[in-house]
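Chains as they are written, first to last, in this note's numbering: chain A, 1 to 478; chain B, 479 to 956.
A virtual CB, placed ideally from N, CA and C, is assigned to each residue, including glycine.
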């Protein structure tokens, strides 16, 4: 899911808003959608909490299945025809279709979530889905269960307020997105018409701290690898550190050949296939609002990594690939002291890729780099790979989403060519070069992939209203 | 405890030895010590297993107290007068004294053990003290409970066979050795006569694979530190890796400034105080037997670390300081994939020091080095520090130990100026510049500080006999 920009992360809690149902007697309701939402808010929130309580992390087959069934049932409740596609032993792809019209909007979502660890940092349980301060706190509330659900609820709301949908909406809800969508291409190939559509409404999306909707028109690819070193048959007493090989040192030395102090990746050939932005694209991104100070406050950092200034950071977030250590471990990491030479060390690295980098090719380049630098003893295990995808900006879908966002969220929308994150849009949009867009409710402090993930209900209703508007506008948008 | 050389790690199990008690009827007994041991072997083994079953790891106050009490009781059973010295809240120093004569031998031991983790790698529980294949398998069996106990049992055996001890033996048994002996100086200062003696028999000691006793005449010092980086208030989605600071990368970069590919430590001033060996010392160590191939087989390594040849490794093990990563951790280290930018990273490093390096000064040098290289954000926490100590070779104690070892272990002894490991000999021997020596039974594959630590019973009886001989010889040794 996207990291990109910011919102209302310290917005007033929902209960103080003038649109609160408790004020029905005080304020006249003229907008039928408002009236509909007012009478369904509690149910919609309960539904989201229900879904968030399912701990659908990778590897928890029962929870993933429960989440898939929940989604299928919810789609049927919204009058979608549903189908399921399966690859043996893997989470199902849940498909739901409804509405009619000339255009088909493919709504690409996922019901799996990132691991909730480290649990001790959560203020309330990640699968409790606590409501406090106008927010819902749960793993997946932002990425991506909230986004998934509001798009279904928007179908219901559209019908309740405007009548039958003027477009066909096809939900593709997978269960392996956080694990690299390894089987999505295979699942989609079971019915090639699944990707026949006019554009894709993708997962996620955000509203910045100033309340501006950020519409993402693409995402980076990813290569997730593990590097493992075994330097000896077993750990040894560190009195032998003069001559017994330390796996941790070995891994540190290997890692140090990967990235320069300015963040440039030193793996030979790494940038060869990178599609450089045009001057116009660069200028567009440079002049987009960027809440650098909000990000710095949230993360309590004095400056950005790799010595990047604000605008450099913004441009890099869209156009630059990365080499990120997601985790590293070796030896004794408990309390106290243990004087041991570790015989094993492991690091997890995710490379975020930009068009036209290929995960497979990057994997081969990393292997060749290690060999060339004398690290043949470092094992490389590729865990997942997804191609990057950047859709076009000049498209009816983007125009419709922009108009819907500005109408319902009330500020100028930012069109961002690519998220820093990854979605499997290559698999969905690649064949027909479809435009894709987010229209979401994340906020800069939402904590996707981190402890205390949460969404602001205020944003939730805005994004839901915007999605209803999109369904209507996209039908006729030029 | 020492890492140094090698023994009988695949020796035949004890039960097949001709000296086994079951063969009493077959073989005439002429040696009274043999006869005494034959009738006490089962009890002595049971005692060691009892002691090893106490999980006296740092931080387990109850287990440490139980081990201290066990030792005091065992000392009293060997007719020692016992005392205990305490610093509030810390493990006791147990003192036991017995015998008389012109000389006093200070027997420096410890009842605490290294953490047994990782538990899953143990073939039998670390505190089960299983007996199999002629060995006892337990955390602490080698380091240092076996050595501790056999020196007490040797007092009993001496008296049973030869009558009253001709020397005074003073046991100083501490409970913080594996944690840096932080309070030992303070405990010893409570009675300054505790370190008044003629020489010190220190913990540990080993017999190499060829059966040669290795007598260690000193040990390295240690500085154990943690480096901690917090790069952000919390973890972030790795889509932001273009500009959000990764604590793991930061730590890897800092670590990379510490050691050159040849193992030389790059911290400015690190070698300033190192006492270089004399040509004679170098030649002595170069020509000592060194079972490089045995070590390489045990650890399944093709060559030594830092590109060191066999003799270089031997010389370095005695004279070179080290900078060892004992553990490192950051971010997501579970199964599967999580795309996170870690906000925290931690590494544990032990520096083994040689005379005249001071742990306090090295700590200051590391801090200054980090600051100079732009890593002011890396916190340094010093966890323990012990000065190195190398005693003289030309001393009656060393001559007595060598003679006792060669007589009872049956091969030429190797006089090794320093262990790769650390003991608190500075605190015990520093004031009076006492000689110190090991006379032990460890073997190259004993696994001190590692899973499956064990001792070979065959070696145990040899070292016990040698200790009995030392008590007698040292009384009159010139």
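- For residue 313/A, the closest of 285/A, 463/A, 441/A and 158/A by C-alpha to C-alpha distance is 285/A.
- In the DSSP assignment, the residues bridged to residue 893/B are 693/B.
- Residue 416/A holds the alpha-carbon nearest to the alpha-carbon of residue 212/A among 433/A, 416/A and 430/A.
- At a C-beta separation below 8 Å, residue 819/B has these neighbours in chain A: 324 and 326.
- Residue-level contact check: residue 357/A does not touch chain B, since none of the beta carbons of chain B fall below 7 Å from its beta carbon.
- By the 16-neighbour rule on beta-carbons within 10 angstroms, residue 318/A is buried.
- When 232/A, 291/A and 323/A are compared, the shortest CA-CA separation from residue 779/B is found for 232/A.
- Shown here, residue 403/A sits in a helix according to DSSP, grouped into three states.
- Cα atoms of residue 476/A and residue 104/A: separation of roughly 12 Å, rounded to the nearest angstrom.
- Under the three-state reduction of DSSP, residue 109/A is assigned to strand.
- Assigned with DSSP and collapsed to three states, residue 851/B falls in coil, not helix or strand.
- The C-beta of residue 331/A comes closer than 7 Å to at least one C-beta of chain B.
- The Cβ neighbour count for residue 427/A, taken over all protein chains shown within 10 Å, is at least 16; the residue is labelled buried.
- DSSP places residue 473/A in no beta strand (DSSP E) but in the uninterrupted alpha helix (DSSP H) bounded by 457-474.
- Residues of chain B whose Cβ lies closer than 9 Å to the Cβ of residue 451/A are, in chain order, 712 and 713.
- For residue 702/B, the uninterrupted beta strand (DSSP E) segment begins and ends at 699-708.
- Along the stretch 890-908 of chain B, the positions whose C-beta sits under 8 Å from a C-beta of chain A are 897, 898, 899 and 900, read in chain order.
- In the structure shown, residue 907/B falls within a helical segment according to DSSP collapsed to helix, strand and coil.
- Note: residue 389/A is bridge-paired with 219/A in the DSSP secondary-structure output.
- About 4 Å separates the beta carbons of residue 823/B and residue 725/B, which is inside the 8 Å limit, making them a contact pair.
- Taking all protein chains in view, the Cβ of residue 360/A is surrounded by fewer than 16 other Cβ atoms within 10 Å, so the residue is classified as exposed.
- A residue is called buried when at least 16 other Cβ atoms come within 10 angstroms of its Cβ; residue 671/B does not meet this threshold and is exposed.
- In chain A, no part has a C-beta under 7 Å from the C-beta of residue 921/B; the shortest such distance is about 13 Å.
- Partner residues in the beta bridge of residue 830/B, as assigned by DSSP, are 700/B and 800/B.
- In the structure shown, residue 296/A adopts helical secondary structure according to DSSP, grouped into three states.
- Taking a beta-carbon distance threshold of 7 Å, residue 551/B does not count as an interface residue toward chain A.
- Non-local C-beta neighbours of residue 544/B in its own chain, meaning closer than 8 Å and more than five positions away in sequence, comprise 532 and 534, ordered along the chain.
- The C-beta of residue 880/B has 16 or more other C-beta atoms within 10 Å across all chains shown, which makes the residue buried.
- Looking at the DSSP output, residue 81/A shares a beta bridge with 97/A.
- Here residue 594/B is buried: its Cβ has 16 or more other Cβ atoms, across all protein chains shown, within 10 Å.
- Counting only residues of its own chain and dropping the five nearest sequence neighbours on each side, residue 198/A has a CB closer than 6 Å to the CB of 103 and 104.
- At a cut-off of 7 Å between beta-carbon atoms, residue 721/B makes contact with chain A.
- Judged by beta-carbon spacing, residue 138/A lies beyond the 7 Å limit of residue 71/A, meaning their Cβ atoms are not closer than that value.
- Against chain A, the beta carbon of residue 779/B has neighbours under 9 Å at 231, 232, 233, 244 and 245, listed in chain order.
- The stretch 749-763 of chain B and the stretch 207-226 of chain A do not touch, with fewer than three beta-carbon pairs separated by less than 8 Å.
- Contact between residue 831/B and residue 866/B holds, with the beta-carbon distance rounding to 5 Å and staying under 8 Å.
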